[in-house]
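Below is one structure; the comments refer to it alone.
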Amino acid sequence: MTKHRAPKPPRRAAAPRAPWFTLHAPTLLSDAETRLDTRLAWVFAALLAIALFLVATGPHVVGDAFTETDFYGAYAEGARLLQQGQIDPTRYRVVGPGYEAALALFGLPFRDLLLAAEMLSLVSMVAGWLLWVVLLKRRTDARLALIAGAFIALNPTFFRYGYSATTDALAFALQALALFLLLARSGLASAALAGVVAALAFLTRYNAVYLLPAGLVALWLGGTLQERRGRAALLFAAGFVAPVVPWVLFSLARGGALGLELHHNIAYDVFARSRKIPWDEYQEKMQPQFKTLWDVIAKDPAAVIKRELFNVWDHLRLDAEKLLRWPVAAAALIGIGFAWVDGTLRRTWPVVLAGALLFLTLVPVFHSERYSLPLVPIYALLAAATFASRRWALAIGRSRRLWLKAVVAVVVLALSLFASVRYQVRSLQPLPIEVLEVSRTLRALKGPSDRLLARKPHIAFHGQIKMVPFPFTKNLP
Numbered sequence: 000m001t002k003h004r005a006p007k008p009p010r011r012a013a014a015p016r017a018p019w020f021t022l023h024a025p026t027l028l029s030d031a032e033t034r035l036d037t038r039l040a041w042v043f044a045a046l047l048a049i050a051l052f053l054v055a056t057g058p059h060v061v062g063d064a065f066t067e068t069d070f071y072g073a074y075a076e077g078a079r080l081l082q083q084g085q086i087d088p089t090r091y092r093v094v095g096p097g098y099e100a101a102l103a104l105f106g107l108p109f110r111d112l113l114l115a116a117e118m119l120s121l122v123s124m125v126a127g128w129l130l131w132v133v134l135l136k137r138r139t140d141a142r143l144a145l146i147a148g149a150f151i152a153l154n155p156t157f158f159r160y161g162y163s164a165t166t167d168a169l170a171f172a173l174q175a176l177a178l179f180l181l182l183a184r185s186g187l188a189s190a191a192l193a194g195v196v197a198a199l200a201f202l203t204r205y206n207a208v209y210l211l212p213a214g215l216v217a218l219w220l221g222g223t224l225q226e227r228r229g230r231a232a233l234l235f236a237a238g239f240v241a242p243v244v245p246w247v248l249f250s251l252a253r254g255g256a257l258g259l260e261l262h263h264n265i266a267y268d269v270f271a272r273s274r275k276i277p278w279d280e281y282q283e284k285m286q287p288q289f290k291t292l293w294d295v296i297a298k299d300p301a302a303v304i305k306r307e308l309f310n311v312w313d314h315l316r317l318d319a320e321k322l323l324r325w326p327v328a329a330a331a332l333i334g335i336g337f338a339w340v341d342g343t344l345r346r347t348w349p350v351v352l353a354g355a356l357l358f359l360t361l362v363p364v365f366h367s368e369r370y371s372l373p374l375v376p377i378y379a380l381l382a383a384a385t386f387a388s389r390r391w392a393l394a395i396g397r398s399r400r401l402w403l404k405a406v407v408a409v410v411v412l413a414l415s416l417f418a419s420v421r422y423q424v425r426s427l428q429p430l431p432i433e434v435l436e437v438s439r440t441l442r443a444l445k446g447p448s449d450r451l452l453a454r455k456p457h458i459a460f461h462g463q464i465k466m467v468p469f470p471f472t473k474n475l476p
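Quick note on numbering that gives the first Met the number 0: the sequence shown kicks off at 0 and runs consecutively.
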């Protein structure tokens with residue numbers, strides 16, 4: 000009897016081995032990767048809030064003698080007046096009433112107005128950070144949004160003003176909210192609300208007026224999710240006008256004026272700072288001659304034009320050196336090319352446009368990292384494009400691949416973290432903490448009609464005594 004053997008199954012073709020070196024990454028994020036990046040963003044937000052809270056309630060026991068002087072000398076008093084129902088429009092010639100109004104409301108549950116200001120900054124910065132991350136996620140993807148969010152949170156200036164008693168965090172959050180409503184939401188109600196929030200940002204920091212042309216251009220050219228562009232643009236403009244016009248009319252009726260005093264920043268930059276003249280000396284000797292912006296231009300038009308042209312380049316340089324630090328600035332510069340090639344610029348051009356217009360509003364005045372703070376997300380977007388782009392990802396290995404671009408991103412972020420820690424230490428070390436001890440004695444000894452003559456208002460605030468500003472003089476008699 001013949002035995003029949005079963006035929007052998009055909010051999011399967013061996014699966015092609017993955018190449019040991021890969022130039023480009025997969026083109027799209029998987030759903031699992033998107034969920035992971037989204038969760039990491041929420042973890043990052045929680046860590047940011049905790050870190051800011053620890054600094055605000057820990058070493059930052061008193062405001063610095065520079066930027067936070069405005070809180071002690073102006074904003075705290077203005078917030079108290081608003082809590083008492085007193086509104087003085089003449090106070091708002093350099094900054095709008097937005098910050099003092101927010102501080103007055105936010106400060107109601109707090110006995111310590113400085114702590115209220117710190118908490119207002121913390122909430123504003125974390126909210127602004129989240130708005131930017133969600134906005135970038137909807138315009139690009141979760142990976143780029145997470146990397147950009149990391150660059151924002153680890154920026155030294157961003158973190159510092161997340162616990163400082165200044166207008167910067169609130170202004171940052173309002174501008175972020177306006178752009179989020181404009182560029183990440185659909186519906187005519189969102190367009191109108193974006194205009195209202197843009198107006199509130201303007202009434203907090205006047206150079207936020209850039210949001211109006213940026214929004215109108217984005218709406219008109221189809222850079223938003225609005226289907227009825229014309230109607231959305233009208234509602235956005237109407238939303239902007241709605242809070243601004245009543246405030247202007249109220250100000251004029253109560254002794255205010257249409258003119259602002261921001262031209263002094265331009266005059267100081269052109270005629271004083273460029274000659275190494277300090278602000279105090281400018282205020283004493285030069286400021287009285289500049290009543291309007293025209294006075295500044297008429298004094299020396301050529302000097303004004305020359306300085307503004309110089310500032311375009313110089314502000315970019317200083318943003319790279321002081322605001323971003325050079326590693327992040329290099330990543331942002333390289334990221335322009337990646338963003339152009341992979342379509343990120345095409346999807347985010349309204350964001351970049353808003354950043355460009357904001358930059359131009361800062362060119363006429365002297366450079367300051369805190370003034371450039373709202374530009375950090377735009378720079379972060381470009382830096383993140385370098386590392387989030389699937390092109391030139393440079394992976395090595397077969398089963399467990401090592402993405403070389405990811406390694407470089409970790410190195411740059413680590414350098415940002417190190418720079419931020421050093422910056423916070425340098426900012427916190429010179430705080431005038433002796434004010435707290437002296438103010439306790441002052442509160443015990445002061446009489447009801449006593450006044451305090453001081454160069455800075457910190458001790459008067461903590462000593463709960465009215466301050467008399469130190470006069471412009473160079474000798475005691």
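Even for Gly, the Cβ is constructed at its ideal location relative to N, Cα and C. Every value quoted in this text rests on a predicted model; they were computed, and no experiment measured them.
Just to confirm, is the Cβ distance from residue 121 to residue 52 under 8 Å? yes
Just verifying my parser: in three-state terms, what is the DSSP assignment at residue 431? coil
Would you grab the beta carbon distance between residue 135 and residue 143 for me? Rounded to a whole angstrom, and I think it's under 8 Å. 6 Å
Judging by CA-CA distance, which residue of 156, 388 and 231 is the nearest neighbour of residue 188? 231
Is the beta carbon of residue 217 sitting closer than 8 Å to the one on residue 193? no
Taking the runs of the alpha helix (DSSP H) that are 4 residues or longer, which of them lie wholly in the region 183-221? 187-201 and 210-219
At which residue ranges does the region 264-327 contain complete alpha helix (DSSP H) runs of 4 or more residues, listed in the order of the chain? 292-298 and 300-317
Can at least three beta-carbon pairs, one atom from the region 451-460 and one from the region 62-73, be found at a separation below 8 Å? yes
Taking DSSP's pairing of strands, which residues face residue 450 in a bridge? 465
Return the chain-ordered ranges of every alpha helix (DSSP H) run that is complete within the region 25-106 and spans a minimum of 4 residues. 30-55, 75-82 and 97-105
Return the Cβ separation of residue 371 and residue 361 in integer angstroms, given the expectation that the two are a contact with Cβ distance under 8 Å. 6 Å
Output yes or no for whether 8 Å exceeds the beta carbon distance between residue 432 and residue 60. yes
Is the distance from the Cβ of residue 418 to the Cβ of residue 155 below 8 Å? yes
Is residue 327 closer than 8 Å to residue 150 when the C-beta atoms are compared? yes
Taking all protein chains shown into account, decide if residue 474 is buried (16 or more other Cβ within 10 angstroms of its Cβ) or exposed. exposed
With the cut-off set at 8 Å, would you say residue 279 and residue 364 are in Cβ contact? no
Consult DSSP for residue 445 and reduce its assignment to one of helix, strand or coil. coil
Chain-order list of residues whose beta-carbon lies under 7 Å from that of residue 117 (same chain, five-residue window excluded): 55, 59, 162 and 164
So does the region 287-299 actually touch the region 345-353, counting three or more Cβ pairs closer than 8 Å? no
Could you name the residues of the same chain whose beta carbon sits closer than 6 Å to that of residue 379, not counting the 5 residues immediately before and after it, in chain order? 147, 150 and 151
So which of 446, 281 and 373 has the shortest CA-CA distance to residue 204? 373
Given a threshold of 16 other Cβ atoms within 10 Å of its Cβ, counted over all protein chains shown, does residue 334 qualify as buried or as exposed? buried
Candidates 46, 29, 57 and 47, of which the one nearest residue 427 by Cα: 57
Just how far apart, CA to CA, sit residue 22 and residue 390? Any answer about residue 22 is weak, because its pLDDT of 49 lies below 50 and its placement is not dependable; what the coordinates show is given next. The alpha-carbon atoms of residue 22 and residue 390 are separated by roughly 7 Å.
Backbone CA spacing between residue 289 and residue 443 [nearest angstrom]: 44 Å
Would a C-beta distance cut-off of 8 Å place residue 88 and residue 250 closer than the cut-off? yes
Given a threshold of 16 other Cβ atoms within 10 Å of its Cβ, counted over all protein chains shown, does residue 304 qualify as buried or as exposed? exposed
Which value, in whole angstroms, describes the spacing of the CA atoms of residue 339 and residue 276? 43 Å
What residue ranges within the region 117-170 form continuous alpha helix (DSSP H) runs of no fewer than 4 residues, ordered along the chain? 141-152 and 155-159
According to the neighbour-count rule (16 or more other Cβ atoms, all chains shown, within 10 Å of its Cβ), is residue 369 buried or exposed? buried
Return the chain-ordered list of same chain residues with a C-beta closer than 7 Å to the C-beta of residue 199, the five sequence neighbours on each side being excluded. 97, 173 and 242
Among residues of its own chain, excluding the 5 on either side of residue 472, which ones have a beta-carbon nearer than 7 Å to its beta-carbon? none
Between residue 213 and residue 353, is the Cβ-Cβ spacing less than 8 Å? yes
How far does the alpha helix (DSSP H) with residue 354 in it extend, from its first residue to its last? 343-361
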